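Residue numbers (the working numbering): 938 to 1176.
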Ligand SMILES: [Zn+2]
């Protein structure tokens, strides 16, 4: 069955027969993507509506169960789909913030195929989308990456510095160079949220870090049970 899986917010939807290869707009964040033919090359999904806990879409090949998360095949970095470990991605939509992350963006590790020898051979990449409820002028998104032991491995941020009106969606694409591959070779889980918003009249909202810590403290249980965190912080208002 053809299907659409949004690269920005992980929305998943089945598509009509014969529609593979056509462009489609994401029903949630309105970004454009391509309808895929079938799921033969995709890791089987436990439930089609929960599109947040899959490893990245990569060509499939034979790999012993229990192998590493990824390896180089003919110079390309590929996910080991036979691994019994699966990458998971989570988004936290803080409903007191004027902008919230949509769905659960992926943070993927990939080779830098456009670079020169002086650039990093590996990149971390994320496509994400943010929904606004007020007019804003800037938004900062934070990506927390955890290793297989649920220890925080990396904290990455990206800021969108542009005017975004209320009730609209801003999408972003960001890559970060990876200088030491072992730092990211066994990261397993990402957790993405809007950490700061600058409103049009100048006020800044910041997600309460204590709420994030509280959400993450029950990491293992939460990771087994659901993909998207819902809740709200008491935002710090900075004038
Ligand atoms: Zn989307």
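Glycine residues also receive a C-beta, built at the ideal position from the N, C-alpha and C atoms.
In this text, all values refer to a predicted model and were calculated from it rather than measured experimentally.
Check: Candidates 1088, 1111, 1102, 1141: which alpha carbon is nearest residue 1150's?
Finding: 1088
Notebook entry, point to check: Can the beta-carbon of residue 1143 be found closer than 9 Å to that of residue 1130?
Noted result: no
Next item on the list: Name the two residues that bound the continuous beta strand (DSSP E) containing residue 1154.
Entry: From DSSP, residue 1154 is part of no beta strand (DSSP E) but of the alpha helix (DSSP H) over 1146-1154.
Note to self: Which of the three DSSP states is assigned to residue 1130 in this structure?
What the structure shows: strand
Checklist line | Cβ-heavy atom distance, residue 1040 to ligand 1, below 8 Å | finding: yes
Next item on the list: Just list the alpha helix (DSSP H) runs in the stretch 945-974, keeping only unbroken ones of 4 residues or longer that don't cross its boundaries, in chain order.
Entry: none
Next item on the list: Assign residue 1180 to one of two classes, buried (16 or more other C-beta atoms within 10 Å of its C-beta) or exposed (fewer than that).
Entry: It is not possible to answer for residue 1180, since the shown part of the chain is limited to 938 through 1176.
Check: In or out: residue 954 buried (at least 16 other Cβ within 10 Å) or exposed?
Finding: exposed
Next item on the list: Would you tell me roughly how many angstroms separate the C-alpha atoms of residue 1090 and residue 1043, rounded to the nearest one?
Entry: 16 Å
Check: Per DSSP, residue 1190 forms a beta bridge with which residues?
Finding: The first residue shown for the chain is 938 and the last is 1176, placing residue 1190 beyond what the model contains.
Checklist line | C-alpha gap between residue 1074 and residue 1021, whole angstroms | finding: 43 Å
Note to self: Quick check on residue 1179: buried or exposed, where buried means 16 or more other Cβ atoms within 10 Å of its Cβ?
What the structure shows: No information on residue 1179 is available, as it lies outside the stretch 938 to 1176 that the chain covers here.
Notebook entry, point to check: Looking only at C-alpha atoms, which of 968, 964, 965, 950 sits nearest to residue 974?
Noted result: 950
Checklist line | residue 1113, enclosing beta strand (DSSP E) - first and last residue | finding: 1106-1115
Checklist line | Given residue 1132 as reference, the closest of 1032, 1103, 1104, 939 once Cα atoms are compared | finding: 1032
Margin query: Helix, strand or coil for residue 993? Go by DSSP, reduced to three states.
Written below: Confidence in residue 993 is poor, its pLDDT being 32 and thus under 50, which makes the residue's placement too unreliable to answer from.
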